[in-house]
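Numbering of the sequence shown is given in my numbering, commencing with residue 2 and proceeding in unit increments. Below: the structure, in structure tokens.
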Amino acid sequence: MRTLLRRLAKPSVAAFLGIALMAGGCVFLPGFGGGSDGGSSEEADDGIWKGCRSEPRELLGAVPSGFAFHCTTIKVPRDWAKPDGPTMDLALIRVRSTSQKDRIGSLVVNPGGPGGSGVDLAVYLTRGLPIEVLRRFDLIGFDPRGVGRSTPVKCISDADLDATFGADPDPQSQAEFDEIVAMTRRIDETCGQKYGDELSLFSTEQAARDIESIRTTVGDEKLTYLGYSYGTLLGAVYAQLFPTKIRAMVLDGAVDPTQSSSASGESQAKGFERAMDNFSAWCSSHKSACDLDDEPRAVINDLLDKARVKPVKGSGGREATPGWIFYAVVSSLYTQDYWSDLADALSSLQGGDPSGVFDLADRYAERDPSGHYTNLFDANAAVNCADDGKSPTVDQVRTAQSDWRAKYPLFGAPLAVGGLTCALWPGKRDPYPVGKAVGAPPIVVVGTKGDPATPYEQTATLAEMLGVGTVLTWEGEGHTAYPETRCISNAVNGYLISLKVPEAGLTCPAK
Numbered sequence: 002m003r004t005l006l007r008r009l010a011k012p013s014v015a016a017f018l019g020i021a022l023m024a025g026g027c028v029f030l031p032g033f034g035g036g037s038d039g040g041s042s043e044e045a046d047d048g049i050w051k052g053c054r055s056e057p058r059e060l061l062g063a064v065p066s067g068f069a070f071h072c073t074t075i076k077v078p079r080d081w082a083k084p085d086g087p088t089m090d091l092a093l094i095r096v097r098s099t100s101q102k103d104r105i106g107s108l109v110v111n112p113g114g115p116g117g118s119g120v121d122l123a124v125y126l127t128r129g130l131p132i133e134v135l136r137r138f139d140l141i142g143f144d145p146r147g148v149g150r151s152t153p154v155k156c157i158s159d160a161d162l163d164a165t166f167g168a169d170p171d172p173q174s175q176a177e178f179d180e181i182v183a184m185t186r187r188i189d190e191t192c193g194q195k196y197g198d199e200l201s202l203f204s205t206e207q208a209a210r211d212i213e214s215i216r217t218t219v220g221d222e223k224l225t226y227l228g229y230s231y232g233t234l235l236g237a238v239y240a241q242l243f244p245t246k247i248r249a250m251v252l253d254g255a256v257d258p259t260q261s262s263s264a265s266g267e268s269q270a271k272g273f274e275r276a277m278d279n280f281s282a283w284c285s286s287h288k289s290a291c292d293l294d295d296e297p298r299a300v301i302n303d304l305l306d307k308a309r310v311k312p313v314k315g316s317g318g319r320e321a322t323p324g325w326i327f328y329a330v331v332s333s334l335y336t337q338d339y340w341s342d343l344a345d346a347l348s349s350l351q352g353g354d355p356s357g358v359f360d361l362a363d364r365y366a367e368r369d370p371s372g373h374y375t376n377l378f379d380a381n382a383a384v385n386c387a388d389d390g391k392s393p394t395v396d397q398v399r400t401a402q403s404d405w406r407a408k409y410p411l412f413g414a415p416l417a418v419g420g421l422t423c424a425l426w427p428g429k430r431d432p433y434p435v436g437k438a439v440g441a442p443p444i445v446v447v448g449t450k451g452d453p454a455t456p457y458e459q460t461a462t463l464a465e466m467l468g469v470g471t472v473l474t475w476e477g478e479g480h481t482a483y484p485e486t487r488c489i490s491n492a493v494n495g496y497l498i499s500l501k502v503p504e505a506g507l508t509c510p511a512k
């Protein structure tokens, strides 16, 4: 099976939001001291919420002072077409500043993916969001259906994920390609055997309807929402279904809902190529931080070719095969913060040490040192394929692999091959609606010029599709923008707090 590089989330706002596909245990968050527990064991409010401290302690190493953490689990219909039928669990966390003043309501957050944990995101954002926002809103994070602490979808073994990530990202001979097809078919069939027709219930439309249950649970008359990456698609679908229930909505790292899965993959290939060009230019001007023997593309291609013949072995005999090298590169391009890590990892691999490559790739894959994975990619496949009403055929994937390799030399073929997952997926499909959010208030759609995963060109398309979108542009690098700079923060904060829509065409500098 090939993993999908579509719509994955990021771990801190620079790391959690800058590396979606990298939400595993690497957290760069300053200022965590001993502080208060941040919650009690007593029931809170009306008895729905209970104090919880294990989540922030697990994620951050300590419970940050200045916040109260409460958790709950709510029931939602497995199928919203049958609201009185069986249910799923949704895990929620509420983070409230102990210095809260003039509370507006709740800010519901989603990190993207699909497959990213909103519970994790809400905890990380205690050290990411501007204090003026944290003092005016409760942060509400939720693990969407199929994800993490909610009713999860889990049907891919750790061994199969290792094989998937380690496989050559561009199997060129027919025999090599057929091996990938066979592996993907076997894994997809395992998911089909376990979940059957229920696979379609992990669709984005079902999850968007869950958000309406969350809104009523927290008691807000209208929803205030912050969605990153795939979370922009989830928010856009909610806006079409419940336009009059929105107070404010920020969609950062826009997904174009009008694209087919193939067009989306090609768009992302273009975005990653552009990010690689930007990384290469950075290397040229930062030799002290990027001590490579040659231009980065040449180094990567040389390392991939050598790995195809004789991969470097690390501790325990783990081999740095082409797949692991490729995903180390991908993970690093989600945020400029990791460019120096990529340069170091490539240089070390040239010297026979693959540990840096494994570190970067494992962050992306959410693979821990023991080789265990979260269910990020199980959920990612289930949601993407349930949404995909026009999956390519295997033959179309093979044709695209060759075509995209010519246009996007490093990323095109792997992203084309990624289409095999949905091409062979056994579940029924439940495509999300595409259209205007008639009756919704202005929605702020944020785009980053150097975004590899959700290329900037998609920003205006999403805003125009909704009919009420206002574009806010950041001339920076990496995946998503808020709250990376003062300009971006001021524009978004003013909208979230005072409903002041950013001026049309507002563009914020990189720094």
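Every residue gets a Cβ at the ideal spot worked out from N, C-alpha and C, and that includes glycine. Keep in mind the model is a prediction, meaning the values are calculated, not measured.
Just tell me which of the options has its CA closest to the CA of residue i.
i	options	result
G254	A454, E504 and E465	A454
A414	M184, Y496 and P172	P172
K271	F412, I188 and A249	F412
A209	I498, P145 and S289	P145
I49	I326, D198 and V219	V219
L122	P153, I141 and S107	I141
D221	D292, G106 and Q269	G106
S332	E367, T217, R79 and S100	E367
D189	G113, P510, S265 and L421	L421
D278	G451, P153, T165 and P427	G451
Y339	T394, N376, W283 and G353	W283
L135	K437, K83 and R104	R104
S100	S286, T127 and A401	T127
A511	K155, P84, G315 and S490	S490
Y409	G419, R275 and T486	R275
G419	A438, E476, G324 and G448	G324
Taking the CB atoms as reference points, tell me whether residue i and residue j lie closer together than 8 Å.
i	j	result
L416	P258	no
A321	A308	yes
F70	G52	yes
A383	F203	yes
V109	I215	yes
P442	I247	yes
Y483	V469	no
A290	A344	yes
P115	N381	yes
E206	I498	no
D388	Y433	yes
G147	S118	no
K76	T88	yes
Q269	E478	no
D292	Q351	no
S392	S262	yes
D139	Y374	no
G353	G232	no
I157	F359	no
T73	D90	no
Would you tell me roughly how many angstroms separate the C-alpha atoms of residue i and residue j, rounded to the nearest one?
i	j	result
R406	E213	42 Å
E43	H480	Residue confidence is low: E43 scores 43 on pLDDT, short of 50, so the model does not pin down where it sits. No coordinate-derived value is stated.
S371	P65	28 Å
T471	L252	10 Å
R319	I326	13 Å
D363	L60	17 Å
P170	L467	36 Å
Q459	G390	20 Å
K501	G495	5 Å
G357	G440	50 Å
L93	C192	26 Å
G436	Q241	7 Å
A237	D211	14 Å
What are the start and end residues of the beta strand (DSSP E) that includes residue i?
i	result
T218	Counting along the chain, T218 falls outside any beta strand (DSSP E), though it belongs to the alpha helix (DSSP H) covering T205 to V219.
C284	Looking at the DSSP string, C284 is not in any beta strand (DSSP E); the run it does join, the alpha helix (DSSP H), is S262 to S286.
K450	I444 to G451
E476	G470 to E478
Y226	L224 to Y229
T107	Looking at the sequence shown, residue 107 is not Thr but Ser. Taken as a continuous stretch (DSSP letters only), the beta strand (DSSP E) holding S107 covers G106 to N111.
W50	W50 to G52
V418	Not the beta strand (DSSP E): V418 falls in the alpha helix (DSSP H), residues G413 to V418.
R430	Element bounds for R430: n/a, residue is neither H nor E.
D253	I247 to D253
May I ask which residues mark the beginning and end of the alpha helix (DSSP H) holding residue i?
i	result
A176	Q175 to Y196
Q459	E458 to L467
S201	Run containing S201: none; DSSP gives neither H nor E here.
T486	Neither: T486 is in no alpha helix (DSSP H) and is coded neither H nor E.
Review point. Which runs of the beta strand (DSSP E), 3 residues or longer, sit entirely within the segment 118 to 160?
Key: Whole beta strand (DSSP E) segments, 3+ residues: 138 to 144.
Practice item. Could you tell me which uninterrupted beta strand (DSSP E) segments, each at least 3 residues in length, are contained entirely in the segment 58 to 95, listed from first to last along the chain? Key: 68 to 78
Practice item. Please specify which runs of the alpha helix (DSSP H), each continuous and at least 4 residues long, are wholly inside the segment 317 to 399, giving them in chain order. Key: 323 to 333, 340 to 351, 356 to 366 and 377 to 388
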